[in-house]
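Chemist:
Numbering (our numbering), first residue to last: 103 to 360.
#1: Would you tell me roughly how many angstroms separate the C-alpha atoms of residue 217 and residue 324, rounded to the nearest one?
#2: Does residue 60 pass the burial test, meaning 16 or more other C-beta atoms within 10 Å, or should it be called exposed?
#3: Could you tell me the alpha carbon to alpha carbon distance between residue 359 and residue 175, rounded to whole angstroms?
#4: Assuming residue 254 is part of the alpha helix (DSSP H), what are its boundary residues?
#5: Is residue 338 buried or exposed, if buried means 16 or more other CB atoms sit within 10 Å of its CB?
#6: Flag this pair as touching only if the stretch 283 to 292 and the stretch 317 to 334 have three or more C-beta atom pairs under 8 Å; answer yes or no.
#7: Using 8 Å for Cβ pairs, my map puts residue 310 next to residue 284. What's the rounded Cβ distance?
#8: Below 8 Å on the Cβ atoms is my guess for residue 274 versus residue 121; work out the distance and round it to an integer in Å.
#9: Quick check on the DSSP output: the alpha helix (DSSP H) that includes residue 273 runs from which residue to which?
#10: Is the stretch 178 to 191 close to the stretch 155 to 163, with three or more CB pairs under 8 Å?
#11: List the endpoints of the continuous alpha helix (DSSP H) containing residue 309.
#12: Bridge partners for residue 344 per DSSP, in chain order?
#13: When DSSP labels each residue in this structure, what does residue 247 get in the three-state scheme?
#14: Since residue 320 contacts residue 146 with CB under 8 Å, what's their CB separation in whole angstroms?
#15: For residue 338, does the three-state DSSP call read helix, strand or coil?
#16: With H, G and I counted as helix, E and B as strand and the rest as coil, what does DSSP make of residue 302?
#17: When you compare each of 133, 118 and 313 to residue 221 by their alpha carbons, which one comes out closest?
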């Protein structure tokens with residue numbers, strides 16, 4: 103699949119678009135999208151909402167988790183827009199668990215650190231790498247249910263992965279990930295696509311940005327140019343930027359003393 107980035111306007115290095123709708127307009131049915139964020143932090147929620155309004159489905163989503171019920175990627179789940187998930191964590195998202203167990207969703211589980219490295223490797227042009235994570239488990243040996251039948255039986259299992267020994271220790275081969283698109287949340291961006299993240303909201307966002315063939319960023323603030331020492335991720339990995347203003351982060355669980 104090839105996409106033309108028609109988002110540049112004015113000066114060819116200016117990657118800022120006028121709104122979210124324009125930024126996501128050319129995402130087709132069946133696209134693969136790497137999405138930054140962790141829990142409720144650093145979620146590109148406005149881009150996800152724009153994608154939801156666009157109405158495309160059969161999506162492959164590469165992300166740590168699929169949001170929570172009623173927020174972020176959870177909204178795409180509710181609308182049955184996601185066909186395949188590559189991630190680490192079902193979390194407290196009841197609809198994610200329901201669709202997986204009901205045979206409505208294919209799920210490829212991968213450890214969090216491995217997921218981050220698979221995205222980073224894809225963006226760095228590394229097709230695969232060896233890691234100790236998962237050696238001696240079903241992750242390496244195969245047999246994890248990736249899709250169920252509606253009657254609860256298993257339709258598809260994960261396949262065994264290549265194991266190789268280095269210095270007397272076993273390692274499992276994991277493949278890098280390249281996605282058609284990437285959705286990223288940043289605290290600040292400049293017109294060249296250089297990004298600054300706010301504390302732990304950085305999480306998976308740089309890795310997602312690197313692995314997207316077309317990377318779309320929602321930034322709380324857009325400035326003309328970031329100083330070199332402010333840059334967490336270089337604009338070479340970014341294709342489109344849209345300013346969304348300050349974003350609220352919810353609290354996952356509020357516990358108060360009686």
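Every residue, glycine too, gets a C-beta built ideally from N, C-alpha and C.
Here the structure is a predicted model, which is why all the values come from computation and not from measurement.
Modeler: With the structure as the only source:
#1: 29 Å
#2: Residue 60 cannot be examined here, being either before or after the span of the chain that is shown, 103 to 360.
#3: 32 Å
#4: No alpha helix (DSSP H) holds residue 254; DSSP gives it neither H nor E.
#5: exposed
#6: yes
#7: For residue 310 against residue 284, the beta-carbon gap comes to about 5 Å, under 8 Å, which counts as contact.
#8: Residue 274 to residue 121, Cβ: 43 Å. No contact.
#9: Element bounds for residue 273: not the alpha helix (DSSP H) but the beta strand (DSSP E), 271 to 277.
#10: yes
#11: 307 to 313
#12: Paired residue(s): 320.
#13: strand
#14: 5 Å
#15: helix
#16: helix
#17: 313
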